[in-house]
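Chemist: Take a look at this one; I'll ask things after.
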Amino acid sequence: MKDRWEIILSGVGGQGLILGGSILGEAATVYGDAKATLTSSYGVETRGTFTKSDIIISKREIYFPEVMKADVVLALAQAAYDRYAGKLDPDCLLVFDSGTVTAAQNVQASQYGHPFNRLALELGNPAIANIIAIGTIVGLTQAVAREAFYQALEARFSEKPKAAELNRRAFDKGLELAGKKE
Amino acid sequence: MNPNNSIRFIQGNEAIAEGAFAAGARFYAGYPITPSSEIAEISSRRLPQLGGLYIQMEDEIGSIAAVIGASASGKKSYTATSGPGFSLMQENLGVAVMAEIPCVIIDIQRSGPSTGLATKPAQADVMQSRWGTHGDHGIIVLSPSSVQECFDLTITAFNFSEKYRTPVILLADEIVGHMKEKMIIRKPGTYDVTDRKQPACDPADYKPFQADADGIAPLAAYGSRFIVRLTGSTHDETGFPNSKPENADKFIRHYTDKIENNKDDIVMTKEYKLEDAEFAVITFGCSTRSALEAMDLARGEGIRVGVLQLVTIWPFADSQVRALCSRMKAIIVPEMNLGQIIREVCRVNDSGIPVIGVNKVNSEAITPFEIMEQIREVSKCRK
Chain Z
1 MKDRWEIILS
11 GVGGQGLILG
21 GSILGEAATV
31 YGDAKATLTS
41 SYGVETRGTF
51 TKSDIIISKR
61 EIYFPEVMKA
71 DVVLALAQAA
81 YDRYAGKLDP
91 DCLLVFDSGT
101 VTAAQNVQAS
111 QYGHPFNRLA
121 LELGNPAIAN
131 IIAIGTIVGL
141 TQAVAREAFY
151 QALEARFSEK
161 PKAAELNRRA
171 FDKGLELAGK
181 KE
Chain E
183 MNPNNSIRFI
193 QGNEAIAEGA
203 FAAGARFYAG
213 YPITPSSEIA
223 EISSRRLPQL
233 GGLYIQMEDE
243 IGSIAAVIGA
253 SASGKKSYTA
263 TSGPGFSLMQ
273 ENLGVAVMAE
283 IPCVIIDIQR
293 SGPSTGLATK
303 PAQADVMQSR
313 WGTHGDHGII
323 VLSPSSVQEC
333 FDLTITAFNF
343 SEKYRTPVIL
353 LADEIVGHMK
363 EKMIIRKPGT
373 YDVTDRKQPA
383 CDPADYKPFQ
393 ADADGIAPLA
403 AYGSRFIVRL
413 TGSTHDETGF
423 PNSKPENADK
433 FIRHYTDKIE
443 NNKDDIVMTK
453 EYKLEDAEFA
463 VITFGCSTRS
473 ALEAMDLARG
483 EGIRVGVLQL
493 VTIWPFADSQ
503 VRALCSRMKA
513 IIVPEMNLGQ
523 IIREVCRVND
533 SGIPVIGVNK
543 VNSEAITPFE
553 IMEQIREVSK
563 CRK
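In order, the protein sequence lines correspond to chains Z and E.
Counting in this note's numbering, the first sequence runs from 1 upward without gaps.
Counting in this note's numbering, the second sequence runs from 183 upward without gaps.
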């Protein structure tokens, strides 16, 4: 297993990417024994414009906290996909929402398209598409242990058992999708 | 793991607020401004739970004025701001210097001048933090490069402010303030907390500016048994205005000397792989992280590079930097400004070695590759 993962979570404001990155970071550091950093950039508006979070998970010390060479890119919106798809190396995993993104042909990265937003609706809440997608990333990379992610979810939603359960199911759904190319 | 500590994955700004609570700070007055707003937000929620007080003021001028008043009343007090807010605080920062009021001002640097690229990072308030308020004075400025340092240095900032009866500036930046990282919230009893000296004399004999042998005068609280006269005007030991030249000379020198004469205690640096280094990167704040990454890249190419991190920016680490210049072939100074720390490095570069800046003001972090490029250049020239 790799000892360092550089992951970009991108989409538009309101999709819960910073929150998803935070839970991933908590799983890695508080409930796992790795180091992690999370930096984000977003527009002045809170919803609807391009946003991305860089999360680095590593067994070693992390100095520069921005992604230098992406191992994984999540694109939950067309604007995010278009920004990265053409620039990625063949060993990068490009995970995208196949329901809202039209995939390009000349992409070197390994592409994993799944209808995260539609699956979230089917599970009962459009707000959990981020967690399904992160489940897929965790399934593909093992960047954090599943158990650690469950613990991070439980801690985050400790006062909302229903939300905890829903997010857990979303994460499991994502894990199930990992490896299946649509 | 020490069971007394707790691991968190939080932002630098959250860690600064936690550090303030841990240091015993119980009063915050401020006017929220990105990228410092989380400090206000967390303080507003937590201070009342800790028996403290949070006030959202009408602006930054009022904010620091309230902080000075609260500290004079005996509460450890702080405010957080950024960019134009820090500019507005400069006049009253001078009041805190003149009246020798312990307080902590947190500046999460963002791009300027003026409104600038609101919310985007910079490291361009280095000279403002030193000389932003008018008149001769000493000042203590600390700069964190990690979330853990945000917590630890905030405690240190309060301790220095109480020990030396002076405002202390925590000069962070948007990158460190908004970055989330693993850190340990230290439990009380596992770190030092300094409280200001209280007068031991009879209240009738108390003079708020009469220094003890260590150069620092005890500070009684407003509303206590002691009468505390504080003013921004030049004053004597009693706190009454006194415009005699010899008195002005004594006190104006005191504001500088009480800081500069204690550099052994105040100046903190961290060294990375300098033992065998031929080239050094001198850095602070967020750029430290790029420098450390570049150091490892360079060593991968066989170039022996080390890093000197300035944890205390002011007073400047003259002797440490001078000594480093005397044994390096060249020095690189990356900073997200057009060259502020580099002026200080050059000032003490008695050996005359090349000192090269890596400067960036487009709101993007300096990358390790940009520092690496300069390292390659100097290593070629000096072979």
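Where a beta carbon is used, it is the ideal one built from N, C-alpha and C, also for glycine.
The structure displayed is predicted, hence computed values, not measured ones.
(1) Using a C-beta cutoff of 8 Å, does residue 123/Z count as contacting chain E?
(2) Residues in the same chain with beta-carbon distance under 8 Å from residue 255/E, minus the five sequence neighbours each way, listed in chain order, please.
(3) Assuming residue 80/Z contacts residue 11/Z under a Cβ cut-off of 8 Å, what Cβ separation, rounded to an integer in Å, is found between them?
(4) How long is the line joining the alpha carbons of residue 67/Z and residue 423/E, rounded to whole angstroms?
(5) Going along the chain, which residues of its own chain have a beta-carbon closer than 6 Å to the beta-carbon of residue 97/Z, five neighbours each way excluded?
(6) Identify the contact partners of residue 266/E in chain Z, using a Cβ-Cβ distance below 8 Å as the criterion.
(7) List the residues that DSSP assigns as beta-bridge partners of residue 517/E.
(8) Alpha carbon to alpha carbon, how far is residue 465/E from residue 554/E?
(9) Let me see if you follow: with CB-CB separation under 8 Å, is residue 189/E close to chain Z or not?
(10) Could you pull the start and end residues of the alpha helix (DSSP H) that residue 336/E belongs to?
(11) May I ask which residues mark the beginning and end of the beta strand (DSSP E) holding residue 362/E?
(12) Report the residue from 488/E, 527/E, 516/E and 327/E whose alpha carbon sits nearest the alpha carbon of residue 504/E.
(13) Among 318/E, 328/E and 268/E, which one has its Cα closest to the Cα of residue 306/E?
(14) Just how far apart, CA to CA, sit residue 52/Z and residue 477/E?
(15) With 8 Å as the C-beta to C-beta threshold (strictly closer), list the residues of the segment 359 to 374 of chain E near chain Z in chain order.
(16) If the cut is a Cβ gap below 9 Å, which residues of chain Z does residue 292/E touch?
(17) Determine the chain Z residues that contact residue 550/E at a beta-carbon separation under 9 Å, and present them in chain order.
(18) Got a sec? Which residues, its chain only, sit under 7 Å from residue 361/E by beta carbon, not counting five neighbours each side?
(19) Compute the beta-carbon to beta-carbon distance between residue 260/E and residue 288/E, rounded to the nearest angstrom, for a pair I have assumed lies under 8 Å.
(20) Can you find at least 3 beta carbon pairs, one from the segment 82 to 95 of chain Z and one from the segment 485 to 502 of chain E, that sit closer than 8 Å?
(21) Compare the C-beta of residue 85/Z with all C-beta atoms of chain E and state if any pair is closer than 8 Å.
(22) Figure out for me which residue from 130/Z, 13/Z, 1/Z and 91/Z has the closest Cα to the Cα of residue 58/Z.
(23) Could you name the residues of chain E that residue 144/Z contacts, counting a contact when the two beta carbons are closer than 9 Å?
(24) Could you name the residues of the same chain whose beta carbon sits closer than 8 Å to that of residue 481/E, not counting the 5 residues immediately before and after it, in chain order?
(25) By Cβ distance, which residues of its chain are closer than 6 Å to residue 380/E, with the 5 residues on each side in sequence left out?
(26) With 7 Å as the limit, tell me which residues of the segment 471 to 486 of chain E have their beta carbon closer than that to any beta carbon of chain A; keep them in chain order.
(27) For residue 516/E, which residues from the same chain have a beta carbon less than 7 Å from its beta carbon, with the 5 sequence-adjacent residues on both sides left out?
(28) Residues of the segment 338 to 361 of chain E in Cβ contact with chain Z at a cutoff of 8 Å, in chain order, please.
(29) Pop quiz: residue 30/Z and residue 143/Z are said to be a contact at Cβ under 8 Å. What is the actual Cβ separation, rounded to whole angstroms?
(30) Quick one: residues in its chain with C-beta nearer than 7 Å to the C-beta of residue 24/Z, no 5 flanking neighbours on either side, listed in chain order?
(31) At a cut of 8 Å, does the segment 164 to 182 of chain Z reach the segment 201 to 209 of chain E through at least three beta carbon pairs?
(32) Please identify the residue among 119/Z, 137/Z, 65/Z and 26/Z whose C-alpha is closest to the C-alpha of residue 40/Z.
(33) How about residue 316/E and residue 437/E: are their beta carbons less than 8 Å apart?
(34) Quick one: does residue 547/E have its CB under 8 Å from some CB of chain Z?
(35) Since residue 156/Z sits in a beta bridge, which residues does DSSP pair it with?
(36) What residue does the alpha helix (DSSP H) around residue 528/E start on, and which one ends it?
Modeler: Let me lay it out:
(1) Taking the first residue of the first sequence as 1, we reach residue 123/Z at position 123. Not one chain E Cβ lies under 8 Å of residue 123/Z.
(2) Position 73 of the second sequence, counted from the first residue, corresponds to residue 255/E. Hits under 8 Å: 403, 404 and 405.
(3) Residue 80/Z sits at position 80 when you count from the first residue of the first sequence. Residue 11/Z sits at position 11 when you count from the first residue of the first sequence. For residue 80/Z against residue 11/Z, the beta-carbon gap comes to about 5 Å, under 8 Å, which counts as contact.
(4) By 1-based counting over the first sequence, the position of residue 67/Z is 67. By 1-based counting over the second sequence, the position of residue 423/E is 241. Approximately 57 Å, taken between the alpha carbons.
(5) What you label residue 97/Z is simply residue 97 of the first sequence in a count that begins at 1. Within the same chain, residue 97/Z has close Cβ partners 76, 116 and 117.
(6) On the second sequence, residue 266/E is found 84 positions in, with the first residue counted as 1. Per Cβ cutoff of 8 Å: no residues; residue 266/E is ~16 Å from chain Z at best.
(7) Along the second sequence, read from residue 1 onward, the residue named residue 517/E stands at position 335. According to DSSP, which records beta bridges pairwise, residue 517/E is partnered with 541/E.
(8) Numbered from 1 along the second sequence, position 283 holds the residue referred to as residue 465/E. Numbered from 1 along the second sequence, position 372 holds the residue referred to as residue 554/E. Distance between the alpha carbons of residue 465/E and residue 554/E: 14 Å.
(9) What you label residue 189/E is simply residue 7 of the second sequence in a count that begins at 1. So, interface residue.
(10) For this step, residue 336/E is matched to residue 154 along the second sequence. Its alpha helix (DSSP H) spans residues 329 to 346.
(11) On the second sequence, residue 362/E is found 180 positions in, with the first residue counted as 1. Annotation for residue 362/E: the continuous beta strand (DSSP E) segment containing it runs 362 to 367.
(12) Position 322 of the second sequence holds residue 504/E. Nearest option by C-alpha distance: 527/E.
(13) Numbered from 1 along the second sequence, position 124 holds the residue referred to as residue 306/E. Minimum Cα distance to residue 306/E is reached at 268/E.
(14) The residue labelled residue 52/Z in the question sits at position 52 within the first sequence. The residue labelled residue 477/E in the question sits at position 295 within the second sequence. Using only the alpha carbons, I get a separation of about 27 Å.
(15) Residues passing the 8 Å Cβ filter: 360, 361, 362, 363 and 364.
(16) Counting from one through the second sequence, the residue named residue 292/E turns up at place 110. The contacting residues do not exist; residue 292/E stays about 13 Å from chain Z at best.
(17) Counted from its first residue, the second sequence places residue 550/E at position 368. Per Cβ cutoff of 9 Å: 63, 64 and 68.
(18) The count along the second sequence starts at 1 and reaches residue 361/E at position 179. Within the same chain, residue 361/E has close Cβ partners 193, 194 and 329.
(19) Against the second sequence, residue 260/E aligns to sequence position 78. Against the second sequence, residue 288/E aligns to sequence position 106. That belief holds up - the Cβ atoms of residue 260/E and residue 288/E are roughly 7 Å apart, short of 8 Å.
(20) The answer is no - the segment 485 to 502 of chain E does not touch the segment 82 to 95 of chain Z, with fewer than three Cβ pairs under 8 Å.
(21) Start at 1 with the first residue of the first sequence, and residue 85/Z comes out as number 85. With 8 Å as the cut-off, residue 85/Z does not count as an interface residue toward chain E.
(22) Within the first sequence, residue 58/Z is the residue found at index 58, counting from 1. Taking only the C-alpha atoms, the option nearest residue 58/Z is 1/Z.
(23) Translated into positions along the first sequence, residue 144/Z becomes position 144. Here the premise fails: no neighbours, minimum Cβ distance about 12 Å.
(24) For the purposes of this step, residue 481/E is taken as the residue at position 299 of the second sequence. So the list reads 455 and 487, once near-sequence residues are dropped.
(25) In the second sequence, residue 380/E corresponds to position 198, counting from 1. If we look at residue 380/E and ignore the five residues flanking it on each side, its Cβ neighbours are 400.
(26) In the structure shown, chain A cannot be found, because the protein chains are Z and E.
(27) Here residue 516/E is taken as the residue at index 334 of the second sequence, counted from 1. Cβ within range, chain order: 463, 465, 469, 472, 473, 540, 548 and 553.
(28) 357, 360 and 361
(29) Here the question's residue 30/Z lines up with position 30 in the first sequence. Here the question's residue 143/Z lines up with position 143 in the first sequence. That belief does not hold up - the Cβ atoms of residue 30/Z and residue 143/Z are roughly 15 Å apart, past 8 Å.
(30) Locating residue 24/Z in the first sequence gives position 24, counting from the first residue. Within the same chain, Cβ atoms closer than 7 Å to the Cβ of residue 24/Z are found at 55, 134 and 144, the five residues on either side in sequence being excluded.
(31) With the cut-off at 8 Å, the segment 164 to 182 of chain Z and the segment 201 to 209 of chain E do not touch.
(32) Looking up residue 40/Z in the first sequence gives position 40. Minimum Cα distance to residue 40/Z is reached at 65/Z.
(33) As a first step, residue 316/E must be located in the second sequence, where it is residue number 134. As a first step, residue 437/E must be located in the second sequence, where it is residue number 255. With respect to the 8 Å criterion, residue 316/E and residue 437/E are not classified as neighbours on the basis of their beta carbons.
(34) Within the second sequence, the letter at position 365 stands for residue 547/E. Output row for residue 547/E: interface = yes.
(35) Your numbering for residue 156/Z matches position 156 in the first sequence. Paired residues: none, contrary to the question.
(36) Residue numbering aside, residue 528/E sits at position 346 when the second sequence is read from its first letter. Run containing residue 528/E: 523 to 529, per the alpha helix (DSSP H) assignment.
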